[in-house]
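Reviewing the structure listed below.
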Amino acid sequence: MPQPELSSQQAFQRLYAEHHPWLMGWLLRRLRCHADAADLTHDTFLRTLTSPHLVRIEEPRTFLCVIAKRVLYTFWRRNELERAYLEALASLPEQVIPSEEEFALLREAVLAVDQLLGGLPGKVRHAFLLNRLEGLTHPQIAAQMGVSLATVERWIRRALTHCYLAGFEAPHG
Amino acid sequence: MSRQIPATIKAAIDWMVLLDSGLAQPEQRQAFERWLAADADHRLAWQSLHRAVEPALQPLLQAEQSSPGSGRAAISALRSTGLSLERRKLLRGGTALALLAGLPGLFAVQQRMPLSGLLADLHSATAERKRLTLADGSLLVLNARSSVDVQFSAHRRLLRLREGELSLTVAADATRPFEVITGQGRITALESRFTVRQQARQTLVGVQQQRVQVHNLHGQEALVESGNSLRFDSEDLFPLGPGQARADAWLEGLVDVRNEPLGAVIDSLRPYRYGLLRISEAAARLRVFGVFPLDDTQRALETLAQTLPIEVRSYGPVTLVDLRQDHA
Numbered sequence: 012m013p014q015p016e017l018s019s020q021q022a023f024q025r026l027y028a029e030h031h032p033w034l035m036g037w038l039l040r041r042l043r044c045h046a047d048a049a050d051l052t053h054d055t056f057l058r059t060l061t062s063p064h065l066v067r068i069e070e071p072r073t074f075l076c077v078i079a080k081r082v083l084y085t086f087w088r089r090n091e092l093e094r095a096y097l098e099a100l101a102s103l104p105e106q107v108i109p110s111e112e113e114f115a116l117l118r119e120a121v122l123a124v125d126q127l128l129g130g131l132p133g134k135v136r137h138a139f140l141l142n143r144l145e146g147l148t149h150p151q152i153a154a155q156m157g158v159s160l161a162t163v164e165r166w167i168r169r170a171l172t173h174c175y176l177a178g179f180e181a182p183h184g
Numbered sequence: 004m005s006r007q008i009p010a011t012i013k014a015a016i017d018w019m020v021l022l023d024s025g026l027a028q029p030e031q032r033q034a035f036e037r038w039l040a041a042d043a044d045h046r047l048a049w050q051s052l053h054r055a056v057e058p059a060l061q062p063l064l065q066a067e068q069s070s071p072g073s074g075r076a077a078i079s080a081l082r083s084t085g086l087s088l089e090r091r092k093l094l095r096g097g098t099a100l101a102l103l104a105g106l107p108g109l110f111a112v113q114q115r116m117p118l119s120g121l122l123a124d125l126h127s128a129t130a131e132r133k134r135l136t137l138a139d140g141s142l143l144v145l146n147a148r149s150s151v152d153v154q155f156s157a158h159r160r161l162l163r164l165r166e167g168e169l170s171l172t173v174a175a176d177a178t179r180p181f182e183v184i185t186g187q188g189r190i191t192a193l194e195s196r197f198t199v200r201q202q203a204r205q206t207l208v209g210v211q212q213q214r215v216q217v218h219n220l221h222g223q224e225a226l227v228e229s230g231n232s233l234r235f236d237s238e239d240l241f242p243l244g245p246g247q248a249r250a251d252a253w254l255e256g257l258v259d260v261r262n263e264p265l266g267a268v269i270d271s272l273r274p275y276r277y278g279l280l281r282i283s284e285a286a287a288r289l290r291v292f293g294v295f296p297l298d299d300t301q302r303a304l305e306t307l308a309q310t311l312p313i314e315v316r317s318y319g320p321v322t323l324v325d326l327r328q329d330h331a
């Protein structure tokens with residue numbers, strides 16, 4: 012029952028008390044790892060604290076599910092990206108192994124770029140990265156990806172527009 | 004959410020697209036200078052576009068300069084978007100997902116996705132072996148960090164091994180031979196049990212029951228009998244004969260080698276270890292005998308270090324295997 016007079020702190024305590032075990036179970040079924048599920052349960056509840064809708068939640072489990080899915084997505088995406096990056100690094104010649112500190116920084120940098128480009132289609136991302144990171148020209152990108160110059164230009168424009176707009180998104184998710 | 008972009012930002016984006024295209028003519032560059040000088044709003048727009056794009060990319064650009072290749076590695080990692088198919092399905096919700104804890108992941112996938120006649124992309128994660136029954140009753144096991152496409156039709160049964168290693172116990176079906184395609188050729192079987200490993204430029208086939216036929220891309224053929232194995236690339240076949248270490252020991256979580264280079268053992272451990280596992284060329288040439296656990300790579304490395312003149316050093320996620328100093 013929605014109770015308008017509830018403070019947001021009370022609302023949170025109630026949400027936590029009533030749905031914590033259920034959310035933990037929900038995450039555990041997907042993660043199959045107790046420690047990860049406990050971490051992400053904690054994360055999900057933390058995020059509900061900043062939600063403006065907390066006091067007026069009518070379907071708490073649906074609401075928690077939406078947030079938990081986002082938390083889970085970020086967690087998995089992070090894992091997969093880290094693995095992909097390590098695998099790509101593994102194919103480099105021996106002398107360019109990054110040090111532990113370098114690796115930690117690079118991993119964060121890769122995650123930051125991934126977030127910046129989140130939501131863009133793979134080809135658009137790829138064309139943009141070839142342009143900005145490898146310094147390839149549009150004709151080079153067109154040749155490498157087998158598309159027209161006009162397409163490359165459209166993709167780069169789209170990626171730049173996306174980056175610009177991403178600066179205005181709230182820093183969550 | 005759709006947001007209106009100010010006209011000056013649109014103009015700045017157009018300029019950035021042009022200037023970094025490699026196609027900008029000198030007079031266009033001059034036109035850009037004039038545009039920038041013409042209005043303080045233009046300069047602000049240019050700056051805010053820069054701020055939106057550059058800070059995130061800067062660390063990778065710098066890394067590429069200090070360790071060439073690391074930026075390119077980032078591009079290849081970032082090329083993928085979103086999540087693996089299996090995880091996407093988990094997020095899509097729906098309690099019908101047969102995800103009972105403890106079941107190997109692919110049983111769950113199989114129950115909600117008809118594998119026959121469909122291009123399926125199955126893969127296993129680091130340190131994970133997956134076991135599933137295909138639509139024809141054949142048993143497929145994926146070694147860690149492996150992926151395959153499944154293509155079944157009325158006329159053929161086909162698996163494409165994209166990376167890693169698989170074990171297949173083929174169910175009898177005389178009208179539809181079973182084929183496994185790798186980067187170097189194909190393996191055809193009627194009713195047998197065998198393993199296939201995709202390596203950098205080679206394929207390794209080991210047969211445990213019955214026999215399989217191998218064709219490489221160059222058109223050479225060989226019959227591999229039970230107990231034997233064969234290594235092949237696009238142009239040559241290298242029969243290894245019996246007496247080799249068990250190619251299918253990984254099914255039991257072991258790597259079993261008899262007089263193989265340490266490099267090959269490390270290759271087997273790699274898919275079971277999070278992070279980067281590297282070995283120097285000198286150490287990779289050492290010969291190894293023994294049985295080592297895949298599911299506990301740390302113990303495997305320690306055991307190797309006790310019997311071989313090597314040292315194993317870990318730096319966070321990076322593990323290096325090298326000859327011991329007194330031996331180098």
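First to last, the sequence lines map onto chains A and B. Counting along the first sequence from 1, when you hit position 25 you're at 36 in the working numbering, and nothing is skipped either side. Counting along the second sequence from 1, when you hit position 226 you're at 229 in the working numbering, and nothing is skipped either side. Even for Gly, the Cβ is constructed at its ideal location relative to N, Cα and C. Since the structure is predicted, the reported quantities are computational estimates derived from the model, not experimental observations.
Check whether the Cβ of A/Tyr-96 lies closer than 8 Å to any Cβ atom in chain B. yes
State yes or no: is the beta carbon of A/Thr-148 nearer than 8 Å to at least one beta carbon in chain B? yes
Just the C-alpha distance for B/Leu-137 and B/Thr-178, rounded to the nearest angstrom, thanks. 17 Å
Of the residues B/Arg-46, B/Gly-186, B/Leu-240 and B/Leu-64, the one placed nearest B/Val-227, counting alpha carbons only: B/Leu-240
So with Cβ pairs under 8 Å, would you call B/Thr-198 a contact of chain A? no
State the Cα-Cα distance for the pair B/Gln-50 and A/Ala-95, rounded to the nearest angstrom. 33 Å
Using a C-beta cutoff of 8 Å, does A/Ala-145 count as contacting chain B? A quick correction: the sequence has Glu, not Ala, at residue 145 of chain A. Closer than 8 Å to some Cβ of chain B, the Cβ of A/Glu-145 qualifies, so yes.
At a Cβ threshold of 8 Å, is A/Trp-33 touching chain B? no
Whole angstroms are fine: how far does the CA of A/Leu-144 sit from the CA of B/Gly-72? 11 Å
What does B/Thr-198 pair with, by DSSP beta-bridge criteria? B/Ser-170 and B/Gly-209
Considering B/His-218, what are the terminal residues of the beta strand (DSSP E) in which it resides? 214 to 219
For A/Asp-50, which three-state DSSP category applies? helix
Could you work out which residue in B/Gln-328, B/Val-56, B/Leu-323 and B/Arg-327 is closest to A/Glu-111 when comparing CA atoms only? B/Leu-323
Exposed or buried, what is B/Gln-201 when buried is set at 16 or more other beta-carbons lying within 10 Å of its beta-carbon? buried
Ordered list of beta strand (DSSP E) runs contained in the stretch 231 to 301 of chain B, each at least 3 residues: 232 to 235, 240 to 242, 257 to 264, 279 to 282 and 290 to 296
Identify the continuous beta strand (DSSP E) that holds B/Gln-154 and give its terminal residues. 150 to 155
Beta-carbon separation of A/Val-127 and A/Cys-174 under 8 Å? Residue 127 of chain A is actually Leu in this sequence, not Val. Closer than 8 Å, so yes.
Given a cut-off of 8 Å, decide if A/Asp-54 and A/Val-77 are closer than it, judged by their beta-carbon atoms. no
Between which residues of its own chain and A/Ala-177 is the CB-CB distance below 6 Å, once the five residues before and five after are set aside? Leu-127
For B/Ser-127, which residues from the same chain have a beta carbon less than 6 Å from its beta carbon, with the 5 sequence-adjacent residues on both sides left out? Lys-133, Leu-145, Ala-147 and Ser-149
Tell me, please, whether the stretch 267 to 284 of chain B touches the stretch 205 to 221 of chain B by the rule of three or more beta-carbon pairs shorter than 8 Å. no
Candidates B/Gly-186, B/Gly-188, B/Val-173 and B/Glu-30, of which the one nearest B/Gly-140 by Cα: B/Val-173
Short-range partners of chain B found in the stretch 115 to 130 of chain A, where Cβ spacing is below 9 Å: Ala-115, Leu-116, Leu-117, Arg-118, Glu-119, Ala-120, Val-121, Ala-123, Val-124, Asp-125, Gln-126, Leu-127, Leu-128, Gly-129 and Gly-130
4 or more residues per run - each alpha helix (DSSP H) lying fully within the stretch 55 to 104 of chain A: 71 to 101
Alpha-carbon spacing of B/Ala-267 relative to A/Cys-44, whole angstroms: 31 Å
Just to confirm, is the Cβ distance from B/Arg-163 to B/Asp-152 under 8 Å? yes
Note the first and the last residue of the continuous alpha helix (DSSP H) segment covering B/Gly-74. 73 to 81
Euclidean distance between Cα positions of B/Pro-107 and B/Ala-130: Caution is warranted here: a pLDDT of 26 is assigned to B/Pro-107, below 50, making its placement in the model unreliable, and no coordinate value can be reported.
If the cut is a Cβ gap below 9 Å, which residues of chain B does A/Thr-199 touch? Outside the modelled stretch of chain A, which goes from 12 to 184, sits residue 199 of chain A, for which no answer is possible.
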